[in-house]
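Asker:
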Amino acid sequence: MKFISVLFLSLSLSMGVLATQPSIYGENGVVVAHDLQACEAGIEILKNGGNAVDAAVAVSYALAVTHPQAGNLGGGGFMLIHLADGQKVAIDYREMAPGQAHRDMFLDDSGRVVPLLSTRGGLAIGVPGTVAGLQLALDNYGSMARKKVMKPAIKLALKGFPIPYDLAYSFGWLNKAAEGFDETRRVFCRNGELYMPGEMFKQPDLAKTLKRIQKKGKAGFYEGEIAEALVKSSTKYGGTLTLDDLMNYTARVRQPVSGSYRGLEVLSMPPPSSGGIALISMLNMLEPMVFDSVRWHSAQHIQMLSEVEKRAYADRSVWLGDSDFLDVPQDKLLSKAYASMRMADYDSLSVTPSDSIYPLNDSQLAAIKLPGHESEETTHFSVVDKWGNAVSVTTTLNWSFGSYVTEEGYGFLLNNEMDDFSSKPGEPNSFGLIGNEANAIAPKKRMLSSMTPTILAKDGKVVLVVGAPGGSTIITTVLQIINNMVDFGMPVHDAVNVPRFHHQWRPDVIHYGPGAISPETMLVLRNMGYELEPRYGYGEVNAIARDKIFGGWIGAPDLKTASHGTAY
Numbered sequence: 057m058k059f060i061s062v063l064f065l066s067l068s069l070s071m072g073v074l075a076t077q078p079s080i081y082g083e084n085g086v087v088v089a090h091d092l093q094a095c096e097a098g099i100e101i102l103k104n105g106g107n108a109v110d111a112a113v114a115v116s117y118a119l120a121v122t123h124p125q126a127g128n129l130g131g132g133g134f135m136l137i138h139l140a141d142g143q144k145v146a147i148d149y150r151e152m153a154p155g156q157a158h159r160d161m162f163l164d165d166s167g168r169v170v171p172l173l174s175t176r177g178g179l180a181i182g183v184p185g186t187v188a189g190l191q192l193a194l195d196n197y198g199s200m201a202r203k204k205v206m207k208p209a210i211k212l213a214l215k216g217f218p219i220p221y222d223l224a225y226s227f228g229w230l231n232k233a234a235e236g237f238d239e240t241r242r243v244f245c246r247n248g249e250l251y252m253p254g255e256m257f258k259q260p261d262l263a264k265t266l267k268r269i270q271k272k273g274k275a276g277f278y279e280g281e282i283a284e285a286l287v288k289s290s291t292k293y294g295g296t297l298t299l300d301d302l303m304n305y306t307a308r309v310r311q312p313v314s315g316s317y318r319g320l321e322v323l324s325m326p327p328p329s330s331g332g333i334a335l336i337s338m339l340n341m342l343e344p345m346v347f348d349s350v351r352w353h354s355a356q357h358i359q360m361l362s363e364v365e366k367r368a369y370a371d372r373s374v375w376l377g378d379s380d381f382l383d384v385p386q387d388k389l390l391s392k393a394y395a396s397m398r399m400a401d402y403d404s405l406s407v408t409p410s411d412s413i414y415p416l417n418d419s420q421l422a423a424i425k426l427p428g429h430e431s432e433e434t435t436h437f438s439v440v441d442k443w444g445n446a447v448s449v450t451t452t453l454n455w456s457f458g459s460y461v462t463e464e465g466y467g468f469l470l471n472n473e474m475d476d477f478s479s480k481p482g483e484p485n486s487f488g489l490i491g492n493e494a495n496a497i498a499p500k501k502r503m504l505s506s507m508t509p510t511i512l513a514k515d516g517k518v519v520l521v522v523g524a525p526g527g528s529t530i531i532t533t534v535l536q537i538i539n540n541m542v543d544f545g546m547p548v549h550d551a552v553n554v555p556r557f558h559h560q561w562r563p564d565v566i567h568y569g570p571g572a573i574s575p576e577t578m579l580v581l582r583n584m585g586y587e588l589e590p591r592y593g594y595g596e597v598n599a600i601a602r603d604k605i606f607g608g609w610i611g612a613p614d615l616k617t618a619s620h621g622t623a624y
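Residue numbering for the sequence shown follows our numbering, starting at 57 and increasing by one per position.
Dropping the structure here:
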């Protein structure tokens with residue numbers, strides 16, 4: 057079970073995978089993110105003497121300019137920090153429900169969920185957390201002034217950048233989808249005169265917003281003219297956000313959840329993220345398994361991971377939510393003893409039907425309906441610096457372009473994170489994830505998330521920084537990156553870029569990406585009793601691994617989605 061962080065080799069032909077050679081090496085720092093401009097913003101800060109936290113704040117603000125589908129000012133996220141001096145910190149800037157929110161706000165008089173009410177327009181908007189979270193990170197763990205770290209983003213907004221094809225394409229469908237949201241169509245679609253790939257995209261309204269935050273910090277966003285315009289824009293589309301909601305928002309410093317896997321320390325995000333607990337729980341279930349004679353993505357391998365994933369997602373459906381509002385049984389879910397008990401009914405030769413897997417083994421919790429749609433629009437980036445500080449950040453508006461509400465005159469979109477609550481406990485949200493009372497709507501509560509920023513360390517030193525977008529697939533994606541590297545010895549580039557599969561308990565289906573499962577393996581799995589379905593969207597992993605050969609860092613962008621990495 058040897059961990060190999062970087063090795064210039066090709067994978068075994070028996071795996072059926074062509075290795076990708078590492079191309080991003082940095083002795084002093086690496087940034088891996090969705091687009092090149094955001095990476096360059098972070099590297100600029102590192103070259104000017106900033107640390108990984110400074111760079112992460114710069115990258116996040118830059119993504120609010122260059123990646124409006126998910127990068128944001130009007131959303132939220134999670135930041136996981138591992139400092140070279142041993143400090144380990146999780147910063148929670150997840151959105152919160154407004155003060156007037158209530159448990160049944162998305163139900164009609166008959167108790168049925170009203171379609172789109174939790175995903176489009178003002179009621180879908182949670183109180184944004186990004187600006188507060190980035191300021192908290194910079195104040196407590198950064199080394200540079202806000203003026204310096206925000207400078208690259210402001211420059212991008214003012215001078216513009218060439219629109220890549222995927223963004224131009226997204227603006228094209230947004231123009232049709234956002235009918236009735238006039239400000240969104242004005243800012244991002246030129247009122248129907250669509251941007252072409254390669255055109256310069258300048259955002260003067262957003263630059264004005266960024267300059268105000270640069271000057272006044274958190275108060276520049278949560279108070280005064282921006283706050284007033286935010287409330288007005290929300291109200292226009294049926295929302296209930298108030299100035300008090302904005303002024304009372306706080307980001308929180310939390311203790312990361314931690315575990316171990318084959319001698320590696322695993323750090324990840326605590327509630328209101330479900331990702332960290334679910335990830336470590338799955339790793340605990342995997343640890344007793346022996347992979348030495350298991351062929352990668354064989355029926356045996358896929359069965360092992362799928363059975364582990366089912367059990368963790370069953371627990372997620374009931375026992376995870378905002379820990380400020382309920383007692384999450386965290387210690388139990390993270391314990392290796394519980395993992396052993398959870399796998400007591402595992403049979404390596406056959407499928408365990410999801411209908412016989414109960415949350416926390418409680419059959420009374422099993423009457424839950426089937427899930428539906430999945431979304432990809434979140435974004436993750438990873439940063440390391442020359443001192444060995446590491447930052448893993450996942451941030452989102454929820455759906456692509458969030459609620460479709462753009463704050464009038466200020467150029468940024470607002471989230472639709474209220475859909476991540478259980479609109480009706482026991483029914484799936486739009487991402488197909490089940491939630492119950494633990495994730496029911498309540499005023500000032502933070503909605504459950506699958507975002508899983510993760511850092512692995514060995515003897516106190518960071519060896520891997522990883523995370524992904526992808527809704528319910530985030531957790532299984534991070535699990536498979538770790539499994540690929542630790543149990544199959546893949547270099548980080550291969551671990552990130554090989555195909556993936558996913559099981560989330562309900563529906564009882566293994567979803568697989570292109571090339572993930574061979575026809576012969578599919579036949580074996582179906583004969584075992586598994587149902588398989590193709591799935592053509594998995595999150596964009598952006599990872600960084602320690603290079604044991606030269607002592608620096610290897611950046612591993614997701615080549616399937618054309619993400620980027622920059623080093624120095």
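Even glycine gets a Cβ: it sits at the ideal position worked out from N, Cα and C.
On the CB-based measure, 16 or more other CB atoms within 10 Å of its CB, does Asp476 come out buried or exposed?
Answerer: Counting from one through the sequence shown, the residue named residue 476 turns up at place 420. Buried: at least 16 other Cβ atoms inside 10 Å.
Asker: Going by the beta-carbon positions, is the gap between Gln93 and Arg202 smaller than 8 angstroms?
Answerer: Position 37 of the sequence shown, counted from the first residue, corresponds to residue 93. Position 146 of the sequence shown, counted from the first residue, corresponds to residue 202. Between Gln93 and Arg202, the C-beta spacing is not below 8 angstroms.
Asker: Give the secondary structure of Ile60 by DSSP, where H, G and I count as helix, E and B as strand, and everything else as coil.
Answerer: If you number the sequence shown from 1, residue 60 lands on position 4. Per-residue confidence for Ile60 stands at a pLDDT of 32, beneath the threshold of 50, marking its modelled position as unreliable; the derived number appears in the next sentence. Three-state result, Ile60: coil.
Asker: Quick one: is Pro499 buried, meaning 16 or more other Cβ sit within 10 Å of its Cβ, or exposed?
Answerer: Translated into the one-based positions of the sequence shown, residue 499 becomes position 443. Pro499 comes out exposed.
Asker: Is Lys215 buried or exposed, if buried means 16 or more other CB atoms sit within 10 Å of its CB?
Answerer: Counting from one through the sequence shown, the residue named residue 215 turns up at place 159. Exposed.
Asker: Report the rounded CA-to-CA distance for Met256 versus Pro218, giving the unit in angstroms.
Answerer: Along the sequence shown, read from residue 1 onward, the residue named residue 256 stands at position 200. Along the sequence shown, read from residue 1 onward, the residue named residue 218 stands at position 162. Distance between the alpha carbons of Met256 and Pro218: 4 angstroms.
Asker: So, under 8 angstroms CB-CB, Gly295 and Gly130 are touching, yes? Tell me the CB distance rounded to an integer number of Å.
Answerer: Stepping through the sequence shown from its first residue, residue 295 is reached at position 239. Stepping through the sequence shown from its first residue, residue 130 is reached at position 74. The Cβ separation is near 12 angstroms, so there is no contact.
Asker: Please classify Ser448: does DSSP put it in a helix, a strand, or coil?
Answerer: Taking the sequence shown and counting its residues from 1, one reaches residue 448 at position 392. Strand.
Asker: With a CB to CB cut of under 7 angstroms and the five nearest residues on each side skipped, what residues in its chain are close to His567?
Answerer: Taking the first residue of the sequence shown as 1, we reach residue 567 at position 511. For His567, where only same-chain residues beyond five positions count, the Cβ hits under 7 angstroms are Phe557, His558, Glu589, Arg591.
Asker: Could you give the distance in angstroms between the alpha-carbon of Ser412 and the alpha-carbon of Tyr586?
Answerer: By 1-based counting over the sequence shown, the position of residue 412 is 356. By 1-based counting over the sequence shown, the position of residue 586 is 530. Cα to Cα, the separation comes out at about 14 angstroms.
Asker: Which residues bound the alpha helix (DSSP H) around Ser314?
Answerer: For the purposes of this step, residue 314 is identified with residue 258 of the sequence shown, where counting begins at 1. From DSSP, Ser314 is part of no alpha helix (DSSP H) but of the beta strand (DSSP E) over 313-317.
Asker: Compare the beta carbon distance of Glu235 and Pro184 with 8 angstroms and say whether it is the shorter of the two.
Answerer: Looking up residue 235 in the sequence shown gives position 179. Looking up residue 184 in the sequence shown gives position 128. Cβ distance not < 8 angstroms, so Glu235 and Pro184 don't count as in contact.
Asker: What is the rounded straight-line gap between the Cα of Thr450 and the Cα of Tyr624?
Answerer: For the purposes of this step, residue 450 is taken as residue 394 along the sequence shown, with counting starting at 1. For the purposes of this step, residue 624 is taken as residue 568 along the sequence shown, with counting starting at 1. Rounded to the nearest angstrom, the two C-alpha atoms are 23 angstroms apart.
Asker: Could you pull out every residue in the same chain whose Cβ sits closer than 6 angstroms to the Cβ of Ala618, ignoring the five residues on either side in sequence?
Answerer: Here residue 618 refers to the residue found at position 562 of the sequence shown. Correct list: empty, nothing qualifies.
Asker: What residues in its chain sit with their C-beta under 8 angstroms from that of Leu194, if we drop five residues either side in the sequence?
Answerer: Here residue 194 corresponds to residue number 138 of the sequence shown, with the count starting at 1. Within the same chain, Val109, Asp110, Val113, Met200, Arg202, Val205 come within 8 angstroms of Leu194 by CB-CB distance, once the 5 residues on both sides are set aside.
Asker: DSSP on Pro427, reduced to helix/strand/coil?
Answerer: Reading the sequence shown from its first residue, position 371 is the one you call residue 427. Reliability fails at Pro427, whose pLDDT of 35 lies under 50, so the model's placement of it is uncertain and the value that follows must be treated cautiously. Reduced to three states, the DSSP call for Pro427 is coil.
Asker: Once DSSP output is grouped into helix, strand and coil, what is the label at Arg602?
Answerer: Walking along the sequence shown from the start, residue 602 turns up at place 546. Strand.
Asker: Measure the CB-CB distance between Leu212 and Gly467 and report whether it falls below 8 angstroms.
Answerer: Position 156 of the sequence shown, counted from the start, is the residue given in the question as residue 212. Position 411 of the sequence shown, counted from the start, is the residue given in the question as residue 467. Their beta carbons are not under 8 angstroms apart, which means Leu212 does not touch Gly467 by this criterion.
Asker: Please report the distance separating the alpha-carbon of Ala334 from that of Pro409.
Answerer: Indexing the sequence shown from 1 puts residue 334 at position 278. Indexing the sequence shown from 1 puts residue 409 at position 353. Their backbone Cα atoms lie some 19 angstroms apart in a straight line.
Asker: Can you give the Cα-Cα distance for Tyr402 and Tyr317, rounded to whole angstroms?
Answerer: For this step, residue 402 is matched to residue 346 along the sequence shown. For this step, residue 317 is matched to residue 261 along the sequence shown. Cα atoms of Tyr402 and Tyr317: separation of roughly 20 angstroms, rounded to the nearest angstrom.
Asker: Looking at Gly621 and Gly631, is the spacing between their C-beta atoms short of 8 angstroms?
Answerer: Past the boundaries of the shown model lies residue 631; the chain is included only from 57 to 624, so the question cannot be answered.
Asker: Identify which residue in Gly85, Ser79, Glu463, Ile80 has its Cα closest to the Cα of Ala446.
Answerer: The sequence position of residue 446 within the sequence shown is 390, counting from 1. Checked all of Gly85, Ser79, Glu463, Ile80; the closest Cα to Ala446 is Gly85.
Asker: Threshold first: 4 residues or longer. Then list the alpha helix (DSSP H) segments lying entirely within the region 541-599, N to C.
Answerer: Whole alpha helix (DSSP H) segments, 4+ residues: 548-553, 575-584.
Asker: Fully enclosed by the region 218-305, which alpha helix (DSSP H) runs are 4 residues long or longer?
Answerer: 221-233, 238-245, 260-272, 274-278, 280-292, 299-303
Asker: Buried or exposed: where does Ile531 fall if 16 or more other Cβ atoms within 10 Å of its Cβ makes it buried?
Answerer: Along the sequence shown, one-based indexing puts residue 531 at 475. The residue is buried, with at least 16 neighbouring Cβ atoms inside 10 Å.
Asker: Taking 8 angstroms as the cut-off, does the region 164-178 touch the region 284-299 (at least 3 CB pairs, one atom from each stretch)?
Answerer: Touching, per the Cβ criterion.
Asker: Can you tell me whether Val183 is helix, strand or coil according to DSSP?
Answerer: Indexing the sequence shown from 1 puts residue 183 at position 127. DSSP, read as helix, strand or coil, puts Val183 in strand.
Asker: If we call anything under 8 angstroms between Cβ atoms a contact, is Pro124 one with Phe457?
Answerer: Position 68 of the sequence shown, counting from 1, holds the residue named residue 124. Position 401 of the sequence shown, counting from 1, holds the residue named residue 457. For Pro124 and Phe457, yes; Cβs fall inside 8 angstroms.
Asker: Quick check: the Cα distance between His357 and Val597, rounded to an integer number of angstroms?
Answerer: Working through the sequence shown from its first residue, we reach residue 357 at position 301. Working through the sequence shown from its first residue, we reach residue 597 at position 541. Computed Cα separation, rounded: 21 angstroms.
Asker: Please state the DSSP three-state secondary structure of Lys144.
Answerer: Numbered from its first residue, the sequence shown carries residue 144 at position 88. Looking at Lys144 - three-state DSSP - the assignment turns out to be strand.
Asker: If the criterion is Cβ atoms closer than 8 angstroms, does the pair Val518 and Val439 meet it?
Answerer: As a position in the sequence shown, residue 518 is number 462, starting the count at 1. As a position in the sequence shown, residue 439 is number 383, starting the count at 1. No, these two residues do not count as a Cβ contact at 8 angstroms.
Asker: Who pairs with His138 in a beta bridge, going by DSSP?
Answerer: Residue 138 sits at position 82 when you count from the first residue of the sequence shown. Lys144, Ala446, per the DSSP bridge assignment.
Asker: For Met360, does the three-state DSSP call read helix, strand or coil?
Answerer: As a working note, residue 360 is residue 304 in the sequence shown. Residue state, collapsed to three classes: helix.
Asker: Between Gly189 and the rest of its own chain, which residues show a CB-CB distance below 6 angstroms, the 5 nearest in sequence each way excluded?
Answerer: Here residue 189 refers to the residue found at position 133 when the sequence shown is read from its first residue. Same-chain partners within the cutoff: Ile147, Tyr149, Ala307.
Asker: Can you tell which of Thr240, Arg351, Ser337, His353 has its C-alpha closest to the C-alpha of Val364?
Answerer: Indexing the sequence shown from 1 puts residue 364 at position 308. The residue with the shortest Cα to Cα distance from Val364 is Ser337.
Asker: If you drop the 5 nearest sequence neighbours on each side, which residues of the same chain put their C-beta closer than 8 angstroms to that of Asn417?
Answerer: Within the sequence shown, residue 417 is the residue found at index 361, counting from 1. Here the set comprises Met397, Arg398.
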